[in-house]
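Everything below concerns the one structure shown next.
Residue numbers (this note's numbering), protein chains in the order written: chain A, 8 to 271; chain B, 39 to 52.
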């Protein structure tokens, strides 16, 4: 059996809302330590991988490792029907591995709403990329910045054009774009430390200058999720997709892998 | 002239 409970408006609900513009269906792997979710956007530009550790929930139970496909958009629609203060339970029993049961319980426990959501096939949403994020050394540059700043950069640039060029070297981290109506260049002078301060831009890893061109539509999606957290970590390499990561509690994470634009 | 890379192809071409 798999069962978790959370309060309405918890971080899981926030994340599911924020990934909706990219993801319809996701594959979820559950274990006693927590659950991971992988999803690929329909255009194959972004791969999303997240791990929610069990300790971020009010209660969490998973008797046996299991894997299920979930229609995220439908699930979010159901979760939106909950009321303030409700306790939300998500449950899958071994007897019925076709549905996921979602229950809302009102704070005074006088009202309970049960809903069943059918599980779907999401095997195509797996990608064997788990090794990427274990290879920090493969990224040419990794920096951290306040997620609100990251969102602001993406928004400011998207006024001018659809693409952003992110350049990183020892001295400067820049976000720039050039369009028909003009150009924008936002430069940050980074701190260099292993312990990034929450309010500053920090270069944590640097093996050489690197620049990547990315579609701002996808970057804005990453930024949307990141604003649920204080800081965002961004890894660049010419040989790997861009990585955007936020930490969920001690051991959890949400990572976006974004394919860059390339010159053909 | 930049074109959007496909994530799977990008990964396979590493």
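By construction, the Cβ of each residue, glycine as well, lies at the ideal position given by its N, Cα and C atoms.
Under the three-state reduction of DSSP, residue 224 of chain A is assigned to helix.
Here the alpha carbon of residue 11 of chain A sits roughly 27 Å from the alpha carbon of residue 251 of chain A.
Annotation: residue 184 of chain A has no Cβ neighbours in chain B at a cutoff of 8 Å; minimum Cβ distance is about 12 Å. By the 16-neighbour rule on beta-carbons within 10 angstroms, residue 104 of chain A is exposed. Contact check between the region 117–124 of chain A and the region 177–190 of chain A: fewer than three CB pairs, one atom from each, fall below 8 Å, which does not count as touching. No Cβ-Cβ contact shorter than 8 Å links residue 42 of chain B with residue 208 of chain A. The Cβ-Cβ distance between residue 126 of chain A and residue 77 of chain A falls below 8 Å. Interface criterion not met: the Cβ of residue 171 of chain A is under 8 Å from no Cβ in chain B. By the beta-carbon neighbour count (other beta carbons within 10 angstroms, threshold 16), residue 187 of chain A is exposed. Relative to the Cα of residue 91 of chain A, the nearest Cα in the group A:112, A:79, A:222 and A:82 belongs to A:112. The residue among A:45, A:195 and A:21 with its C-alpha nearest the C-alpha of residue 31 of chain A is A:45. With respect to the 8 Å criterion, residue 42 of chain A and residue 59 of chain A are classified as neighbours on the basis of their beta carbons.
Identification of residues in the region 256–270 of chain A having a C-beta nearer than 9 Å to some C-beta of chain B yields 264, 265, 266, 267, 268, 269 and 270, given in sequence order. For residue 259 of chain A, the uninterrupted beta strand (DSSP E) run begins and ends at 259–265, by DSSP.
Non-local beta-carbon contacts of residue 143 of chain A in its own chain, meaning distances under 8 Å to residues more than five positions away in sequence, involve 149, 212 and 242 in chain order. When C-beta distances to chain B are compared with 8 Å, the residues of the region 34–63 of chain A below that value are 47, 50, 51, 52, 53 and 54, in chain order. In the structure shown, residue 167 of chain A adopts coil according to DSSP, grouped into three states.
Among the residues of chain B, those whose CB is under 7 Å from the CB of residue 222 of chain A are 42, following chain order.
The residue among A:62, A:35 and A:247 with its C-alpha nearest the C-alpha of residue 257 of chain A is A:62. When the Cα atoms are used, residue 64 of chain A and residue 13 of chain A turn out to be separated by approximately 5 Å. When DSSP states are grouped into helix, strand and coil, residue 247 of chain A belongs to the coil group. Taking a beta-carbon distance threshold of 8 Å, residue 248 of chain A counts as an interface residue toward chain B.
Taking 8 Å as the upper bound for CB-CB distance, residue 147 of chain A and residue 245 of chain A are in contact here, some 7 Å apart. Runs of beta strand (DSSP E) with 3 or more residues, each lying fully within the region 22–105 of chain A, are found at 32–38, 41–47, 53–60, 66–69, 73–78 and 94–99, listed in chain order. Take residue 109 of chain A, set aside five residues on each side of it, and the residues of its chain with a beta-carbon closer than 6 Å to its own are 85, 97 and 122, in chain order.
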